[in-house]
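Working notes for the structure below.
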Amino acid sequence: MMVKKPASLLAVATRSGRGRYYGLPGETMALPGAPPGREPEPGLDGRIVRIAVPSLFALALDPILNVVDTAFVGLGGGGAAPLAAVSASTSFFGFVFACTNCFASAGTPLVAAELKPGGGGEAGALALGSSIVRSALLVGVVLALAAEAVSGPAMDLFAPAYELHGAAVDFSRLRALSAPAVVAAAALNGSLRGLGDASSALKAASLAAVVNVLLDIALIYGLGMNPNGAAIATACAEYAAAAYLGAVFLSRRRALGGDVAAAEAALDPGAGASTFATAAAYTLVRTASLQIFLAATTAYIGTASADPAAELAAHLVLKQFYLVLSFATDALAVAAQQLVASAPDAAAARAVARRLLAWGLVVGVVFAAALYVAPPQLLTSDAAVAAAAEDELRRVVAPLQVLSSLVFVGDGVLQGSRDFTFEAYAVSAAALVAAATLFAPVDGRDALSAAWDAIAVLNGCRFFAFAYRFYARGPLVARAEDGDAEGKV
Numbered sequence: 014m015m016v017k018k019p020a021s022l023l024a025v026a027t028r029s030g031r032g033r034y035y036g037l038p039g040e041t042m043a044l045p046g047a048p049p050g051r052e053p054e055p056g057l058d059g060r061i062v063r064i065a066v067p068s069l070f071a072l073a074l075d076p077i078l079n080v081v082d083t084a085f086v087g088l089g090g091g092g093a094a095p096l097a098a099v100s101a102s103t104s105f106f107g108f109v110f111a112c113t114n115c116f117a118s119a120g121t122p123l124v125a126a127e128l129k130p131g132g133g134g135e136a137g138a139l140a141l142g143s144s145i146v147r148s149a150l151l152v153g154v155v156l157a158l159a160a161e162a163v164s165g166p167a168m169d170l171f172a173p174a175y176e177l178h179g180a181a182v183d184f185s186r187l188r189a190l191s192a193p194a195v196v197a198a199a200a201l202n203g204s205l206r207g208l209g210d211a212s213s214a215l216k217a218a219s220l221a222a223v224v225n226v227l228l229d230i231a232l233i234y235g236l237g238m239n240p241n242g243a244a245i246a247t248a249c250a251e252y253a254a255a256a257y258l259g260a261v262f263l264s265r266r267r268a269l270g271g272d273v274a275a276a277e278a279a280l281d282p283g284a285g286a287s288t289f290a291t292a293a294a295y296t297l298v299r300t301a302s303l304q305i306f307l308a309a310t311t312a313y314i315g316t317a318s319a320d321p322a323a324e325l326a327a328h329l330v331l332k333q334f335y336l337v338l339s340f341a342t343d344a345l346a347v348a349a350q351q352l353v354a355s356a357p358d359a360a361a362a363r364a365v366a367r368r369l370l371a372w373g374l375v376v377g378v379v380f381a382a383a384l385y386v387a388p389p390q391l392l393t394s395d396a397a398v399a400a401a402a403e404d405e406l407r408r409v410v411a412p413l414q415v416l417s418s419l420v421f422v423g424d425g426v427l428q429g430s431r432d433f434t435f436e437a438y439a440v441s442a443a444a445l446v447a448a449a450t451l452f453a454p455v456d457g458r459d460a461l462s463a464a465w466d467a468i469a470v471l472n473g474c475r476f477f478a479f480a481y482r483f484y485a486r487g488p489l490v491a492r493a494e495d496g497d498a499e500g501k502v
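In my numbering, the protein residues as written are 14 to 502.
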């Protein structure tokens, strides 16, 4: 059977245009300014749900495992020190793992593009997915080795206090073992979503949660391995999720037999490297700016706090509440990426964006209300840690959910309209402003309050940047399909 030669990973990304905006092949977008009164198409809410719900489980897997670990470590005895060690380590790995999200975010549209007319079909899609997964595994192994090597110096920054440093280093070295699984699972999720499989992420997340809870019980409560038992449990859970996703992916390869091998042999690895690398670089700049700032908040608490153990532990509790709920609205951003990018014209894209922003507002209000009544004691049995976390939960973290939800959906709208360059610069500038707030001296303010004030400033700046782009000039562009013309926003 003849197999149509699929485009390379790089060629798919560049098939539809050049320059600042990096869209999916076969899509057109009109200039902003079309009549704004168009209503969202019937069934749009259903499409949003079908994209967002599976994406939620794929995005939230690692944070959910961190929340489970936080609860077991916080309730497993030992006071604030074990939680503080986990806080320092998870901030470090949050930065490391977040920078590899491109495997999921790029994998979905690249694989899906091969299923369109003129692509390589399912065999070509599986060949591309296989290439993405192999690259992810290589990156994961390198990350694991690098993280093992730098765990000591990294914890010098995040947990310099003598009583915390050793536990944080031990936890980090065990946590680093999961890097290949984390990156591979991201690539597999992206590839399977591109193939139209939205359910495997939910099944993998469920499997990982069960494995993590069972091992936490056995290792922390049964063997007293607090907090290292949590690191081992999380690593095993992430390998279980990656193994399940890998089995699903391989079963689809086997179903097509030699067609996939023929498609792999026909791959052209060299086309379009410069354009793809530029788009990826802007995405990496955005992610790295956010993660460096968030890591800086933890490092600041560890070095500037009068009670680093209690405040680092409280910071971890607050982050787990904030991050898990944030991933629910980040799933709406995934829907925005796909639905805005595939809209037939600017009016339709703006109607989709407005509906998604309305979803984000509703979700943000619901989550804010939930956090106002959520007790920090869910994640810690230490009275001092719970008291510190409760103050910030009510003061900043709960009300911030409304603004953050709009920010995350706005990110998806910008990405769906190929405005990666603006987004990278806007997020970097917001991080710099927030960092200035973090280190600004304020009488009577403790380190934990300074960190969450700065996070609020970060999201405030990001929201105003998006509002300017969407309402003042619009994030949408016009592009000619042959790549010879590009509209400017």
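Beta carbons are placed, not taken as given, at the ideal position from N, Cα and C, and that holds for glycine.
Nearest neighbour of LEU139 by Cα position, chosen from ALA214, GLN304, ARG367, SER204, turns out to be SER204. Taking LEU57 as the centre and dropping the five residues before and after it, the same chain places the C-beta of VAL365, ARG368 closer than 7 Å to its C-beta, in chain order. Between the alpha carbons of LEU69 and ASP343 lies a distance of about 7 Å. In the pairwise beta carbon analysis, the segment 206-226 is classified as not touching the segment 153-168: fewer than three pairs are separated by under 8 Å. Between the segment 409-424 and the segment 462-473 there are three or more inter-stretch CB-CB distances shorter than 8 Å, so the stretches are counted as touching.
In the structure shown, VAL455 falls within a coil segment according to DSSP collapsed to helix, strand and coil. With contacts defined as CB atoms closer than 8 Å, VAL196 and VAL152 qualify as a contacting pair. DSSP, reduced to helix, strand and coil, places GLY271 within a helical segment of the structure shown. Looking at the backbone, the Cα of ALA346 and that of VAL420 are separated by about 9 Å. For ASN239, the secondary structure class from DSSP, reduced to helix, strand or coil, is coil. ALA437 and ALA349 have their alpha carbons spaced roughly 18 Å apart. Listed in chain order, the non-local C-beta contacts of LEU370 below 7 Å within the same chain comprise LEU419, VAL422, local neighbours out to five positions each way being set aside.
One Cα belongs to LEU374, the other to GLY237, and the distance between them is close to 43 Å. The C-beta separation of ALA460 from TYR257 comes to about 41 Å, leaving the pair out of contact by the 8 Å criterion. Burial is judged here by how many other beta carbons sit within 10 angstroms of a residue's own beta carbon; TYR252 has at least 16 and is buried. The beta carbon of ALA189 lies closer than 8 Å to those of PHE106, LEU156, ALA157, ALA160, GLU161, SER164 in the same chain, with the five residues before and after it left out. For SER204, the uninterrupted alpha helix (DSSP H) run begins and ends at 192-207, by DSSP. Residues of the same chain with a CB within less than 6 Å of the CB of VAL80, apart from the 5 flanking positions on each side, are GLN333, VAL337 in chain order.
Put simply, the backbone Cα of ALA341 is about 20 Å away from that of PHE116. Taking a cut-off of 8 Å for Cβ pairs, the segment 323-333 and the segment 389-400 touch, as three or more such pairs fall below it.
DSSP places SER264 in the helix class (H, G or I) of the three-state scheme.
Linking ALA218 to LEU150 through their CA atoms gives a straight-line distance of about 19 Å. With a beta-carbon spacing of about 11 Å, ASP424 and ARG482 fall beyond the 8 Å limit used to define contacts.
About 6 Å separates the Cβ atoms of ALA323 and ALA401, confirming a contact at the 8 Å cut-off. For ALA478, the enclosing alpha helix (DSSP H) starts and ends at 460-480.
By the CB criterion at 8 Å, PRO240 and ALA200 fall outside the cutoff.
Each residue's CA atom was taken as its position, placing ILE230 and PHE85 some 8 Å apart. Sequence-distant partners of LEU352 (beyond 5 residues in either direction) whose C-beta falls short of 8 Å from its own C-beta, in its chain, are LEU57, ARG60, ILE61, ILE64, VAL365, LEU369, GLY429.
Taking a contact as a CB-CB distance under 8 Å, the pair ALA448 and ALA467 counts as one, their CB atoms being some 7 Å apart.
A Cβ-Cβ distance of about 4 Å is found for the pair TRP465 and VAL409, placing them in contact under the 8 Å criterion. Here SER441 has SER302 as same chain residues with Cβ atoms under 6 Å from its own Cβ, once five neighbours each way along the sequence are excluded. Minimum Cα-Cα distance from ALA480 among the listed residues LEU384, ALA469, PHE435 corresponds to PHE435. Within the same chain, and ignoring the five residues on either side of PHE380 in sequence, the residues whose Cβ sits closer than 6 Å to its Cβ are LEU338, GLN414. Rounded to whole angstroms, VAL99 and PHE184 show a C-alpha spacing of 7 Å. The beta carbon of VAL109 lies closer than 7 Å to those of LEU156, ALA160 in the same chain, with the five residues before and after it left out. Excluding its 5 nearest sequence neighbours in each direction, GLY242 has C-beta neighbours in its own chain below 7 Å: ASP229, LEU232, ILE233, LEU236, listed in chain order.
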